[in-house]
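Down below is the structure, laid out as structure tokens.
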Amino acid sequence: MNVSFGSEFNATQTTDGAAAEKKSEGIAPVLIKQLLKSAEGNFQMFGMNFSMVCLRAIVRNIETSSTKITYSLEDNTGQITAHYWLEEGDTLKAPDVMLNKYATVYGSVRSQGGQKTIMVFKMLPINDPNEIVTHVLEVLCARYKAEQYASSFSGHNFVGASKVSTGFDMPSSSESRLDGKKLAVLQAIKTHQSPDGINRNELKRKFQQMKESELNSILDFLITEGYIYSSIDADHFMSPE
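Residue numbering for the sequence shown follows full-length UniProt numbering, beginning at 1 and increasing consecutively.
Listed below in structure tokens is the structure:
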């Protein structure tokens, strides 16, 4: 059975009698947190194997050697290292991405010394800020669809399928009513690891593609609706969850 969820997200599962053979195919849109929490081998989502992943992140560091280029990538959920191998030291073939700018990364997940890394196959600069918001929605949609198909494929109900961890916290029913930008800001606040909450300036840095007035408006909305609250001062935010 071929399962397709769009131009990027698809996976294949075939059955041979009662046994299921899972093949590694397709590209899964992901956040970095999902990769860091994933099991060894190909990335999996509800039992489906994916040979490649797609993420959109900020390029925080670039180191070039004669054989490869190493990137430090960051999104709202974490950081990960990515390697782009050069052909015969030809740096002219390096991806056209810039430091502290967003990029779309296609690659496979690897483990080196207990640390997850990405083997980059393709890397493209992002010029349209809407691609960042769209990616978050694609990640949410992919997980819902994978859960739906896995449940149908295995014959298990929702509870049984949800026992498989994908490393990403799904929004509650109230959060699912938020639009892409509000949901992205809320996820950044919820996943920030600090007892004082995340600072407004840190949110500005994470959402450089968003106007300051728009970000402030979103924060005011999230506070008013009870999704977040101010912690140590008016410029630090936390989620009650």
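From the three backbone atoms N, C-alpha and C, an ideal C-beta is built for every residue, glycine too.
The structure presented is a predicted model; accordingly, all values stated were derived computationally and were not measured.
If residue i and residue j are in contact, beta carbons under 8 Å, what's the gap, nearest whole angstrom?
{"i": "residue 250", "j": "Cys54", "result": "This structure cannot speak to residue 250, because the chain is shown only from 1 to 241."}
{"i": "Ile62", "j": "Leu99", "result": "6 Å"}
{"i": "Val139", "j": "Leu183", "result": "Actually they do not touch by this definition, with Cβ atoms about 10 Å apart."}
{"i": "Gly26", "j": "Ser51", "result": "7 Å"}
Using a Cβ-Cβ cut-off of 7 Å (strictly less than) and excluding sequence neighbours within five positions of residue i, which residues of its own chain qualify?
{"i": "Val120", "result": "Ala82, His83, Tyr84, Val105 and Gly107"}
{"i": "Pro240", "result": "Tyr229"}
{"i": "Met114", "result": "For the record, residue 114 in the displayed sequence is Gly; it is not Met. Same-chain partners within the cutoff: there are none."}
{"i": "Lys93", "result": "Leu86 and Glu87"}
Report the option in the options whose CA atom is closest to the CA atom of residue i.
{"i": "Thr117", "options": "Glu74, Asp233, Phe207 and Ile189", "result": "Glu74"}
{"i": "Ile198", "options": "Ile27, His236, Gly41 and Leu124", "result": "His236"}
{"i": "Lys181", "options": "Pro195, Ser194, Asp196 and Glu212", "result": "Glu212"}
{"i": "Lys122", "options": "Leu86, His192 and Cys141", "result": "Leu86"}
{"i": "Pro195", "options": "Leu124, Phe43, Met238 and Asn130", "result": "Met238"}
Tell me whether the beta-carbon of residue i lies closer than 8 Å to the beta-carbon of residue j.
{"i": "Gln79", "j": "Ile32", "result": "yes"}
{"i": "Val185", "j": "Ile218", "result": "yes"}
{"i": "Leu35", "j": "Val109", "result": "yes"}
{"i": "Ser111", "j": "Glu225", "result": "no"}
{"i": "Glu222", "j": "Lys204", "result": "Residue 222 is actually Leu in this sequence, not Glu. No, these two residues do not count as a Cβ contact at 8 Å."}
What does a CB cutoff of less than 6 Å around residue i pick up in its chain, not counting 5 residues either side in sequence?
{"i": "Arg60", "result": "Ser72 and Glu74"}
{"i": "Ile58", "result": "Glu74 and Tyr102"}
{"i": "Ala188", "result": "Asn76 and Lys206"}
{"i": "Arg200", "result": "Asp235"}
{"i": "Thr191", "result": "Thr77"}
{"i": "Tyr227", "result": "Leu186"}
Less than 8 Å between C-beta atoms, sequence neighbours within five positions excluded: which residues of the same chain meet that for residue i?
{"i": "Asp128", "result": "none"}
{"i": "Ile126", "result": "Arg56, Lys101, Tyr102, Ala103, Thr104 and Ile132"}
{"i": "Asp220", "result": "none"}
{"i": "Thr134", "result": "Gly180"}
{"i": "Glu202", "result": "His192"}
{"i": "Gly17", "result": "Note that Gly17 scores 39 on pLDDT, short of 50, meaning its location in the model is unreliable; the coordinates nonetheless yield the value given after this. None."}
{"i": "Asn42", "result": "Ser24, Asn49, Phe50, Ser51, Ser108 and Val109"}
Complete runs of the beta strand (DSSP E) confined to the segment 73-117 [at least 3 residues]:
78-85 and 102-112
What are the uninterrupted segments assigned as alpha helix (DSSP H) that are 4 or more residues long and contained completely in the segment 38-77, given in chain order?
none
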